[in-house]
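Remarks on the structure that follows.
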Amino acid sequence: MAAAGSAVGLGNIWKFPYIAGENGGAAFLVVYLICVLLLGLPLVMTEFLIGKHSGKSAYGAFKELKGTNRWQWLSWMCMLTAMLFIGFYFVVTGWCFNYLFEALTNVLHGAEMDSLSTHFTQVISNKPRMILFSLFPVLLTATVLWFGVNKGIEKLSKVLMPLLLVMMVLMAVRVLMLKDSAIGMQFFFQADFSKLNPQAVMKAMGQCFFSLSIGMGALITYGAYMPKNQSVSKTSMQVVILDTLVAILAGMIIFPAVFAFGMDPAEGPELVFVILPAIFEQMSFSYIFGVLFFSLLCIAAITSTISIMEVSVAFVNEATGGRLNRHKSVLLVSAAVIPLVLACVFSNSVFDVFDTLTSCVLMPLGALGMALFVGWNLPNYNHFAGKVFIFSVRWIVPIAILVIFLNSVGIIQ
Ligand code: TRP
131 MAAAGSAVGL GNIWKFPYIA GENGGAAFLV VYLICVLLLG LPLVMTEFLI
181 GKHSGKSAYG AFKELKGTNR WQWLSWMCML TAMLFIGFYF VVTGWCFNYL
231 FEALTNVLHG AEMDSLSTHF TQVISNKPRM ILFSLFPVLL TATVLWFGVN
281 KGIEKLSKVL MPLLLVMMVL MAVRVLMLKD SAIGMQFFFQ ADFSKLNPQA
331 VMKAMGQCFF SLSIGMGALI TYGAYMPKNQ SVSKTSMQVV ILDTLVAILA
381 GMIIFPAVFA FGMDPAEGPE LVFVILPAIF EQMSFSYIFG VLFFSLLCIA
431 AITSTISIME VSVAFVNEAT GGRLNRHKSV LLVSAAVIPL VLACVFSNSV
481 FDVFDTLTSC VLMPLGALGM ALFVGWNLPN YNHFAGKVFI FSVRWIVPIA
531 ILVIFLNSVG IIQ
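So the sequence shown is numbered by this note's numbering: it starts at 131 and just counts up by one.
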């Protein structure tokens with residue numbers, strides 16, 4: 131459940147709808163689902179296996195399993211990816227906290243569609259406010275990590291993830307009753323592949339890594355905490371199914387509403403922040419619903435930031451041979467994270483570079499490295515499913531990642 135908490139986050143509710151909206155809706159969904167099955171599932175298993183077998187975090191795992199330093203570059207890349215990723219992720223988490231605050235103070239009540247859109251622009255250009263709202267989740271995450279990733283997070287995820295799911299189902303039902311919602315459903319489920327280009331396929335792959343928390347060793351760390359009798363394949367499947375369900379539900383909420391309210395699905399990153407408040411306006415008990423939903427969204431974001439920052443904390447702790455204990459590692463990593471977050475608050479281009487560089491370059495590379503590591507270094511299994519898995523991480527996953535990557539930069543057609 132903690133891993134599911136890591137996977138379910140802004141990737142599902144904020145990023146998936148807007149990227150799908152920009153890339154043709156249903157066609158993107160199809161490619162995304164293929165990526166999840168072909169790459170996502172085996173890669174979640176790969177990271178869990180590395181963690182469970184080594185009992186170490188991304189820093190020590192490869193060395194522990196292989197006995198050499200030859201794979202150490204992969205550890206460093208995980209660390210680099212995690213730091214850049216968290217820089218912009220905290221900013222989006224800050225947007226969520228801002229909207230939670232506004233839901234609590236009820237300032238958006240009665241707002242029109244147009245003013246919701248300008249409101250978003252105003253919010254993110256108010257720098258002092260954004261600094262406050264982005265650094266607050268940093269503090270919250272650091273506090274949780276100070277006490278350690280333990281049963282607490284799992285308990286939290288166990289109650290709150292299903293609650294989030296139930297709320298999203300209710301919202302989807304309400305949205306489906308809006309006029310013209312069918313156009314949105316068609317947009318999301320009736321594929322028109324002519325809109326698909328190589329960049330869209332790359333984005334679908336990046337989105338799959340983003341959403342399933344793969345490519346930077348976060349799940350290695352969680353795998354290391356797994357009890358020995360827990361099944362890697364079963365856990366992986368549960369995480370993948372839950373995560374994908376939440377993303378699809380988010381699409382089923384956002385797109386019908388987009389068309390019912392006469393908006394453009396290719397609106398960009400502000401899409402859900404404009405649409406969600408407008409949906410709550412249409413619902414009975416709108417105040418309670420808005421507050422509850424944004425609370426859950428913030429919690430979903432925090433269970434994700436915890437897993438991302440834990441990568442760096444465990445890394446520093448292991449890399450210094452424990453000389454920097456958990457508390458000192460948390461302080462050091464937080465101090466390093468703050469300037470990165472500020473850079474993303476102040477510059478949209480830094481934000482974009484961090485986002486694109488991690489999803490489309492660093493996470494695919496990290497995943498490629500880990501697939502090859504497991505495929506060519508761990509002993510093959512003697513049952514069929516295990517053999518399929520090893521074949522997939524030896525050949526299918528690396529080749530697919532390379533082909534999609536080279537295709538998107540135009541090296542192969
Ligand atoms: N999966 C999370 C989301 O969808 C983000 C996330 C958390 C993540 N931990 C990660 C992404 C580790 C990559 C690696 O929002």
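The C-beta atom is built at its ideal place from N, Cα and C for all residues, glycine as well. Please read these numbers as outputs of a predicted model, since none were measured by experiment.
Suppose you measure from the CA of L481 to the CA of T488; what does that come to, to the nearest Å? Rather than Leu, the amino acid found at residue 481 in this sequence is Phe. Going by the C-alpha atoms only, they are around 11 Å apart.
Please tell me whether G197 and A354 are closer than 9 Å, where the distance is taken between their beta carbons. Not a contact, by the Cβ cut-off of 9 Å.
Which of helix, strand or coil does DSSP assign to T198? In the structure shown, T198 adopts coil according to DSSP, grouped into three states.
Could you give the DSSP three-state label for M301: helix, strand or coil? In the structure shown, M301 sits in a helix (DSSP, three-state: H, G or I).
Within the chosen definition, does the stretch 192-209 reach the stretch 230-247 through at least 3 CB pairs nearer than 8 Å? At 8 Å Cβ cutoff, the stretches do not touch.
With distance defined between alpha-carbon atoms, name the residue in S464, A444 and V467 nearest to R456. Selection S464, A444 and V467 evaluated against R456 yields A444 as nearest (Cα-Cα).
Along the chain, where does the alpha helix (DSSP H) that runs through C490 open and close? No alpha helix (DSSP H) contains C490, which DSSP labels as neither H nor E.
Given the structure, does F250 come close to the ligand TRP, in the sense that its CB is under 8 Å from one of the ligand's heavy atoms? No, Cβ of F250 sits at least 8 Å from all heavy atoms of the ligand TRP.
Residues of its chain near I468, where Cβ-Cβ distance is below 8 Å and the 5 sequence neighbours each way are ignored: Contacts found: L265 and V268.
Nonlocal neighbours in the same chain, by C-beta distance under 8 Å from L426, ignoring five residues either side: Taken in chain order, the residues that qualify are L290, L293, L294 and M297.
Is the number of C-beta pairs between the stretch 152-164 and the stretch 316-331 that are closer than 8 Å three or more? Enough Cβ pairs lie closer than 8 Å, so yes.
Selection from S341, A497 and K458 that minimises the alpha carbon distance to L163: For L163, the closest alpha carbon among the candidates S341, A497 and K458 is that of S341.
Taking three-plus beta-carbon pairs below 8 Å as touching, is the stretch 380-390 in contact with the stretch 308-315? Yes, since at least three Cβ pairs between the stretch 380-390 and the stretch 308-315 fall closer than 8 Å, the two stretches touch.
Confirm the yes/no value for this check: CB of F215, any heavy atom of the ligand TRP, distance under 8 Å. For F215, the CB falls within less than 8 Å of some heavy atom of the ligand TRP.
Relative to the C-alpha of P494, which residue among S187, F218, T223 and M207 is closest? Residue nearest to P494 within the set S187, F218, T223 and M207 is M207 (criterion: CA-CA distance).
Use the C-beta contact count for W525: other C-beta atoms within 10 angstroms, 16 or more gives buried, fewer gives exposed. Classification for W525: exposed.
Considering only the beta carbon of each residue, do V331 and S522 sit closer than 9 Å? Taking a C-beta distance under 9 Å as the contact criterion, V331 and S522 do not qualify as a contact pair.
For V370, which residues in the same chain have their Cβ closer than 7 Å to its Cβ, ignoring the five residues on either side in sequence? The beta carbon of V370 lies closer than 7 Å to those of V166, G170, L171, V174 and L342 in the same chain, with the five residues before and after it left out.
Residue span of the alpha helix (DSSP H) that contains A473, given as start and end: A473: member of the alpha helix (DSSP H) spanning R456 to F476, first to last residue.
Compare the C-alpha of A473 against each of V161, F218 and N153 and name the closest. For A473, the nearest C-alpha among the options comes from F218.
At the level of alpha carbons, what is the spacing between T273 and I436? Roughly 10 Å separates the two Cα atoms.
If you check the beta carbons only, do V376 and V138 fall under 9 Å apart? One thing to note: V376 has its Cβ within 9 Å of the Cβ of V138.
Inter-stretch contact at 8 Å, needing at least 3 Cβ pairs: the stretch 397-416 / the stretch 245-253: Touching, yes.
M382 beta carbon less than 9 Å from that of F423: For the pair F423 and M382, the CB atoms are not nearer than the 9 Å cut-off.
List the endpoints of the continuous alpha helix (DSSP H) containing L375. It spans V362 to A390 - the alpha helix (DSSP H) in which L375 sits, taken as one unbroken run.
At what residues does the alpha helix (DSSP H) containing F410 begin and finish? Residue range L401 to Q412 is occupied by the alpha helix (DSSP H) that includes F410.
Specify, as a first and last residue, the run of the alpha helix (DSSP H) that L159 falls within. A156 to C165 is the span of the alpha helix (DSSP H), which, as asked, contains L159.
Which one of T374, K333, L372 and I409 has the shortest CA to CA distance from V303? Of the listed residues, the one whose Cα sits closest to V303 is I409.
Less than 9 Å between the beta carbons of T365 and A133, yes or no? Yes, Cβ-Cβ distance for T365 and A133 is below 9 Å.
Can you tell me whether Y229 is helix, strand or coil according to DSSP? In the structure shown, Y229 sits in a helix (DSSP, three-state: H, G or I).
Less than 9 Å between the C-beta atoms of I542 and L498, yes or no? No, the pair does not count as a contact, with Cβ atoms beyond the cut-off.
For I93, count the other beta carbons within 10 Å of its own beta carbon; 16 or more makes it buried, fewer makes it exposed. Which is it? The requested residue 93 is not part of the displayed model; the chain covers only 131 to 543.
Report all residues from its chain with a CB closer than 6 Å to the CB of V161; omit the five preceding and five following residues, and keep chain order. The beta carbon of V161 lies closer than 6 Å to those of V331 and A334 in the same chain, with the five residues before and after it left out.
DSSP three-state assignment for M307, whether helix, strand or coil: Note: M307 maps to coil in three-state DSSP.
When you compare only the Cα positions, how much space is there between G420 and M131? One C-alpha to the other measures close to 25 Å.
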